[in-house]
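Take the first sequence: its letters are residues 1 to 483, numbered as in my numbering.
Using N, Cα and C, we set each Cβ at its ideal position, and we do this for glycine too.
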Amino acid sequence: MIKTRFAPSPTGFLHVGGLRTALYNYLIAKKNNGKFVLRIEDTDQRRKIPGAVENLLENLKWVGIEPDEGPGIGGPDGPYIQSQRLSIYQELVQTLIEKGCAYYCFCSPERLQQLKDWQVAHHQPPRYDQHCRNLGPAAVKRLLDEEQPSVIRMKIPSEGAVTVTDLIRGTVTFPCDQLDDQVLLKSDGFPTYHLANVIDDHLMHITHVIRGEEWLPSTPKHILLYDYFGWEKPQFAHLSLLLNPDKSKLSKRQGDVAVEDYRRQGYLPEALLNYLALLGWNPGNEREIFSLEELVQEFSLERVGKSGAIFNLEKLRWMNGYYIRHYSFERLFNLARPFFPPGSETNPDKQLKVLEIIRDSLLNLQEITEKSAFFFAEHLDYNHSSIGEWLLKPEALPVLNSLSAEFQSLTSLSGARLVPLMGNVMKATGLRGKLPWMVLRCALTGQSQGPELHHIVEVLDLNQCRQRLQDAIHFVTAKRDGR
RNA sequence: GGCGCUAUCGUCUAGUGGUUAGGACACCACGCUUUCAAUGUGGUAACCGGGGUUCGAUCCCCCGUAGCGCUACCA
Numbered sequence: 001m002i003k004t005r006f007a008p009s010p011t012g013f014l015h016v017g018g019l020r021t022a023l024y025n026y027l028i029a030k031k032n033n034g035k036f037v038l039r040i041e042d043t044d045q046r047r048k049i050p051g052a053v054e055n056l057l058e059n060l061k062w063v064g065i066e067p068d069e070g071p072g073i074g075g076p077d078g079p080y081i082q083s084q085r086l087s088i089y090q091e092l093v094q095t096l097i098e099k100g101c102a103y104y105c106f107c108s109p110e111r112l113q114q115l116k117d118w119q120v121a122h123h124q125p126p127r128y129d130q131h132c133r134n135l136g137p138a139a140v141k142r143l144l145d146e147e148q149p150s151v152i153r154m155k156i157p158s159e160g161a162v163t164v165t166d167l168i169r170g171t172v173t174f175p176c177d178q179l180d181d182q183v184l185l186k187s188d189g190f191p192t193y194h195l196a197n198v199i200d201d202h203l204m205h206i207t208h209v210i211r212g213e214e215w216l217p218s219t220p221k222h223i224l225l226y227d228y229f230g231w232e233k234p235q236f237a238h239l240s241l242l243l244n245p246d247k248s249k250l251s252k253r254q255g256d257v258a259v260e261d262y263r264r265q266g267y268l269p270e271a272l273l274n275y276l277a278l279l280g281w282n283p284g285n286e287r288e289i290f291s292l293e294e295l296v297q298e299f300s301l302e303r304v305g306k307s308g309a310i311f312n313l314e315k316l317r318w319m320n321g322y323y324i325r326h327y328s329f330e331r332l333f334n335l336a337r338p339f340f341p342p343g344s345e346t347n348p349d350k351q352l353k354v355l356e357i358i359r360d361s362l363l364n365l366q367e368i369t370e371k372s373a374f375f376f377a378e379h380l381d382y383n384h385s386s387i388g389e390w391l392l393k394p395e396a397l398p399v400l401n402s403l404s405a406e407f408q409s410l411t412s413l414s415g416a417r418l419v420p421l422m423g424n425v426m427k428a429t430g431l432r433g434k435l436p437w438m439v440l441r442c443a444l445t446g447q448s449q450g451p452e453l454h455h456i457v458e459v460l461d462l463n464q465c466r467q468r469l470q471d472a473i474h475f476v477t478a479k480r481d482g483r
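Below is the structure:
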């Protein structure tokens, strides 16, 4: 059975790059009727952030990529949090010592630092000098008995090369003399990533390791470890990185990288997922819109690209707008409700009508707050330049007065009534064309642009319209009189 | 510095030993529209450079160049 895993460290939030990795893992698993595992790599105690695991789970749930096995979910190969598996690593690393594939190292951090400083100063590659590699058993036993702090390092063969077979990149060969005698077990008894990920992937029966490109250079060490243990290796696939607009590795500095940031701004999970799927993968035809289920059908690693992809917010925004326009209205409304202006929640019917009207213009749900504000406001602010262009024209006042009279005589309001009503206004004022319409728009909305007036008028009630026309008249006369 | 990965419009990408090098976002123009948006039509825009191989290279090979990644008792 195909089994994949997403193995983040719990450092606080789910990164969009991490989400893409999780998605690809999920897709491969689901496409093959396999399992998708979530594993928490918390072997660095210093970097642990409380609540990070819950946050991770919550965000994965939001986008609809739920692990089959993992912390809080369970599964046959748990626990799925590495800090709860310490004895497993400690036991297994001993077998490596016994086989002569690993060794105790008693070098102090200070010595290591000095070594590194010297190497850097002399333009040598910074690597461990294997000082403890050939310590005799007696010496090791003595130092251990003295309880000298120690780590366990892996032995890299002194010659040869390791070839990585990668589903995306083909074969990549690394000479052994470029590899370091990597620490496997730290002095605090925790494993390093290299040890823990190999052991866990094996014990959890992971068949495909799909992870970021930053792991490619350490993959030969992992391969060596599989061989030392005598275990079957999983398939590897290293994904290109997500980049900032300046092509550096996608980082917080240059915009939002946390999934929750996009959630907060009113991006739809389907849109974010769809966009991320296309960053590095394409279906081989010109289709771009895919549901998660459709991605499961269509996805394949063969069509995953090798080069880094810039995270293009503009296209995400477009795609989000597309999803907003094509979503089921009911679901959209449910997601949209928190974004309406405070106070408007007492009038859900109106919220609903407003959403219908402004839906096409939205790129994210957060825009609802601003774009719906005038529907719910007590009073509008007319004092800004974009509408002054219309309201401050000398012809505006007669139009407003005529509009006001017309609205007074109405007993009910509908979009269909607007055209005859405007006909009357034009007749009365002798003005035609764009201006009367724009004056009405500005008076009713406080803006020079927005949804169609006959829609607006259906939502605003008659008294509200009358009030706004009066407000606009007051504003215009006050301006005219220089107050 | 060493090792490794990568290289098609501004961006995401398709593609081929001979193509008008295709699509999408963005951008521009036009249409629709009382405004904006949505939408429709059209348009501008790309094969990193140099050598080979070949009748012919964007595509295959080599060398550069550039970008990125790794180079921890971090993941």
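Residue 380 beta carbon less than 8 Å from that of residue 446: Yes, these two residues count as a Cβ contact at 8 Å.
Per-residue burial, residue 329 [other beta carbons within 10 Å of its own, 16 or more giving buried]: exposed
Helix, strand or coil at residue 415 according to DSSP, with G and I counted as helix: helix
First and last residue of the uninterrupted beta strand (DSSP E) at residue 175: Residues 170-175.
Start and end residues, alpha helix (DSSP H) containing residue 88: 86-99
Cα-Cα separation, residue 212 to residue 240: 6 Å
Boundaries (first-last residue) of the alpha helix (DSSP H) holding residue 104: First-last for residue 104: 102-105, but that is the beta strand (DSSP E), not the alpha helix (DSSP H).
Presumed contact (8 Å Cβ cut-off) between residue 451 and residue 324, rounded CB distance: In this structure residue 451 does not touch residue 324 by the C-beta definition: roughly 15 Å separates them, more than the 8 Å allowed.
Supposed contact pair residue 210 and residue 237 - C-beta distance, whole angstroms, cut 8 Å: 5 Å
Residue 238: first and last residue of the uninterrupted beta strand (DSSP E) it sits in: It spans 235-239 - the beta strand (DSSP E) in which residue 238 sits, taken as one unbroken run.
8 Å Cβ cutoff met for residue 488 and residue 402: With the chain covering 1 to 483 only, the question about residue 488 has no answer from this structure.
Option in 456, 408, 431 with minimal Cα separation from residue 441: 456
Ordered list of beta strand (DSSP E) runs contained in the stretch 117-141, each at least 3 residues: none
Neighbourhood of residue 322 by C-beta, 8 Å cutoff - its chain only, sequence neighbours within 5 removed: 271, 289
Nearest candidate by alpha-carbon position, reference residue 197, set 122, 42, 188, 133: 42
Cβ-heavy atom distance, residue 323 to the ligand SAH, below 7 Å: Of the ligands one can find in the structure shown there are none, so the ligand SAH has no counterpart to examine.
Beta carbon of residue 93 nearer than 8 Å to that of residue 67: no
Residue 224 versus residue 162 - alpha carbon distance: 8 Å
N- and C-terminal bounds of the alpha helix (DSSP H) containing residue 253: Unbroken run through residue 253: none, as it is neither H nor E.
From 244, 252, 202, residue whose alpha carbon lies closest to that of residue 231: 202
Inter-residue spacing [alpha-carbon to alpha-carbon] between residue 262 and residue 412: 42 Å
Cutoff 7 Å; reference residue 59; Cβ partners in own chain excluding five residues on either side: 14, 259, 260
4 or more residues per run - each alpha helix (DSSP H) lying fully within the stretch 305-363: 313-326, 329-336, 348-358
Outcome for residue 3 when other beta-carbon atoms lying within 10 angstroms are tallied against a minimum of 16: buried
Reference residue 110, options 149, 136, 137, closest by Cα: 149
Start-to-end residues for the alpha helix (DSSP H) that takes in residue 17: 16-31
Close beta carbons around residue 404, own chain, < 6 Å, minus the five adjacent residues each side: 469
CB-CB length for residue 306 against residue 153, believed under 8 Å: That pair is no contact at about 33 Å.
Stretch pair the stretch 298-318 + the stretch 336-352: three plus CB contacts closer than 8 Å: Taking a cut-off of 8 Å for Cβ pairs, the stretch 298-318 and the stretch 336-352 do not touch, as fewer than three such pairs fall below it.
Alpha-carbon spacing of residue 367 relative to residue 332, whole angstroms: 14 Å
Contained alpha helix (DSSP H) runs [length at least 4] in the stretch 185-217, N- to C-terminal order: Complete alpha helix (DSSP H) runs here, min 4: 193-203.
Residues that residue 242 bridges to, as DSSP identifies them: 309
Residue 118 classed as buried or exposed, judged by whether at least 16 other C-beta atoms fall within 10 angstroms: exposed
CB-CB length for residue 375 against residue 459, believed under 8 Å: With a contact defined as Cβ atoms closer than 8 Å, residue 375 and residue 459 qualify at about 6 Å.
Contacts around residue 76, its chain only, beta-carbon distance under 8 Å, and the 5 residues preceding and following it disregarded: Here the set comprises 69.
Sub-8 Å separation of residue 156 and residue 132 beta-carbons: Taking 8 Å as the cut-off, the Cβ atoms of residue 156 and residue 132 do not count as close.
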